[in-house]
Amino acid sequence: MHSTLGPQHNFLGLERDLSTFDRSRAVVLPVPFQRVSGSGTKLAPAAILAASRTISRYDEETGADLAARHGIATLHPFPTSPVKEPAFLTKLSDLVADLLAREKFVLTIGGDRLLTSACAAASARRYASLSVLHLDAHADLNANAGAVTARLCEFIEPKRIVQAGVRSTSEDEVMFVQEHGMRTYYAHLIRAGAYTRLLKYWDDALVDDLTDEVYVTVDVDVFDPSIMPSTKTPEPGGLGWGEVTSCLRKIGQKRRIVGADITGFAPEKGARHADVTAAKLAFKLLAYSLG
Ligand SMILES: [Mn+2]
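So, in structure tokens, the structure goes:
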């Protein structure tokens with residue numbers, strides 16, 4: 041049993057009977073983890089939850105009231121201070137593993153990108169052939185502490201990691217991708233139609249690269265800064281709302297999304313549309329994953 045947030049504080053502002061732990065198939069896990077001081081990611085979960093309470097719980101694509109159909113529980117924020125990194129990541133991974141064992145779908149809302157390694161590891165222990173979809177402006181393969189894709193490669197074969205939206209990378213990272221058979225859909229090549237084949241768009245090709253069970257991690261900087269200014273690492277030329285949701289919808293239709301996270305969000309005063317965009321992304325991830 042895990043205690044959950046009430047209607048004043050939970051995802052979508054759901055009444056008790058739609059958001060108890062036992063009744064809910066979906067669990068929203070807020071992790072206000074901030075690795076770099078001043079990055080603002082510790083404020084992300086609260087901002088996303090607040091914005092979620094302004095959006096409709098009816099999903100026009102699936103024609104369903106998501107909360108009434110599946111139940112969505114929001115856990116209390118995961119304790120993040122003081123952060124002793126390896127112990128923190130182990131505890132987080134153990135919690136996600138416990139939730140998976142109880143047949144919950146877990147959507148983690150961060151938080152620093154590093155939390156992805158803990159959450160994806162729990163899914164990888166449960167699903168032997170897990171693949172990862174990584175939506176991000178950055179390849180995150182460099183040897184620095186925050187390079188989360190490099191950490192994923194410690195427990196998932198690189199060829200089962202698919203990246204999309206990348207537009208900030210290095211020669212070393214490009215070499216790594218080529219040498220290890222990782223699939224990377226660069227933003228400029230998506231634009232150029234380089235992955236498009238007869239009647240198949242880039243995201244159809246991307247789905248073909250994924251195994252049956254998929255963990256989805258979204259760094260919000262994958263979006264163009266014009267629609268997502270609330271990140272400390274903006275890169276021009278990002279994906280649009282329709283491109284990201286089309287990709288996620290197709291994965292939900294043709295594969296099984298077994299876990300997901302949203303990271304890298306750093307709320308900015310005066311950019312409320314970005315809070316709503318992050319909240320709506322969480323909602324759509326739940327809609328496509330719960331089916
Ligand atoms: Mn990024």
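In my numbering, each number is its position in the sequence shown, counted from 1, plus 40. Ideal placement from N, C-alpha and C gives every residue a C-beta, glycine not left out.
State the Cα-Cα distance for the pair Thr-236 and Asp-249, rounded to the nearest angstrom.
14 Å
Drop a sphere of 10 angstroms on the beta-carbon of Phe-118, count the other beta-carbons inside from all chains shown, and report buried for 16 or more, exposed for fewer.
buried
Within the structure, which residues are defined as neighbours of ligand 1 by a Cβ-heavy atom distance below 6 Å, reported in chain order?
Asp-176, Ala-177, His-178, Asp-259, Asp-261, Thr-273, Gly-304
7 Å Cβ cutoff met for Ala-84 and Phe-305
Taking 7 Å as the Cβ cut-off, Ala-84 and Phe-305 qualify as a contacting pair.
Just mark Val-206 as buried or exposed, buried being the case when its beta carbon has 16 or more other beta carbons within 10 Å.
buried
What separation, rounded to the nearest whole angstrom, lies between the Cα atoms of Gly-277 and Lys-144?
36 Å
What residues in its chain sit with their C-beta under 7 Å from that of Ser-208, if we drop five residues either side in the sequence?
Contacts found: Ala-177, His-178, Glu-275.
Buried or exposed by the 16-neighbour rule on C-beta atoms within 10 Å, applied to Phe-323
buried
Quick check on the DSSP output: the alpha helix (DSSP H) that includes Ser-121 runs from which residue to which?
From DSSP, Ser-121 is part of no alpha helix (DSSP H); its letter is neither H nor E.
Using a Cβ-Cβ cut-off of 8 Å (strictly less than) and excluding sequence neighbours within five positions of Ser-43, which residues of its own chain qualify?
Phe-61, Leu-115, His-116
Do you know how far the Cα of Asn-50 is from the Cα of Ala-227?
34 Å
Beta-carbon proximity check, Arg-243 vs Lys-290, cutoff 7 Å:
In the sequence as displayed, the identity of residue 243 is Asp instead of Arg. Result yes, Cβ atoms of Asp-243 and Lys-290 sit closer than 7 Å.
Cα separation between Leu-132 and Lys-294?
29 Å
Tell me whether the beta-carbon of Leu-135 lies closer than 7 Å to the beta-carbon of Ser-92.
no
Comparing C-alpha positions only, which one of Met-41, Glu-55, Phe-73 sits nearest to Asp-301?
Phe-73
Between the CA atoms of Val-67 and Tyr-225 - distance to the nearest angstrom
Approximately 30 Å, taken between the alpha carbons.
Runs of alpha helix (DSSP H) wholly within the stretch 117-172 (minimum 4 residues, chain order):
125-141, 155-166
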